[in-house]
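J.:
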Amino acid sequence: MWRLDKNYLGLQHEVPWLKQLPSEYLRQHFRATTQPMEEPPEPRHLLNILEMIGSDHFLMFATDYPHWDFDAPDGALPSIISPALQERIFATNAAEFYDFDRK
202 MWRLDKNYLG
212 LQHEVPWLKQ
222 LPSEYLRQHF
232 RATTQPMEEP
242 PEPRHLLNIL
252 EMIGSDHFLM
262 FATDYPHWDF
272 DAPDGALPSI
282 ISPALQERIF
292 ATNAAEFYDF
302 DRK
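Here my numbering is used: the first residue of the sequence shown is 202, the next is one more, and so on.
1. Residue ranges of each alpha helix (DSSP H) run of no fewer than 4 residues wholly in the segment 211-290, ordered along the chain?
2. Counting pairs of beta carbons, one from the segment 235-248 and one from the segment 263-281, are three or more of them closer than 8 Å?
3. For my contact list, Ile168 and Leu227 are in at a C-beta cut-off of 8 Å; report their separation, rounded to the angstrom.
4. Pick from Arg204, Leu278, Phe291: whose alpha carbon is nearest that of Pro244?
5. Return the first residue and the last residue of the alpha helix (DSSP H) that Ala295 is part of.
6. Suppose you measure from the CA of Ile290 to the CA of Met253; what does that come to, to the nearest Å?
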């Protein structure tokens, strides 16, 4: 997302009707999903990426079901991800984005 913002800043005179950075529009209107959740060789790099993209609001769980190689929820996210962030990815982010009542 930083690249979108960087390129936009050099060309913003071409789109004067945009009032926010592209990353802000993405955060408001778009979500990414986890399928597949590729893990880098170094686990801390995954945590860095998740932090950079704002995964506590931007990332939602996806299984890719019914494909034969779909991600089962119990093994879809690496254990290095905190339980609080896993809860957001598995449920809270989707509930907030789609305005679901989770009662």
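C-beta: ideal position from N, C-alpha, C; glycine also.
T.: The relevant details are as follows:
1. List check, alpha helix (DSSP H) in window: 223-230, 244-253, 256-259, 274-277, 284-288.
2. yes
3. Coverage of the chain is limited to positions 202 through 304, which leaves residue 168 absent and any answer about it impossible.
4. Indexing the sequence shown from 1 puts residue 244 at position 43. Here the closest residue by C-alpha is Leu278.
5. Stepping through the sequence shown from its first residue, residue 295 is reached at position 94. From DSSP, the alpha helix (DSSP H) with Ala295 extends over 294-298.
6. Residue mapping note: residue 290 aligns to position 89 of the sequence shown, counting from 1. Residue mapping note: residue 253 aligns to position 52 of the sequence shown, counting from 1. Near 15 Å, if we compare the C-alpha coordinates of Met253 and Ile290.
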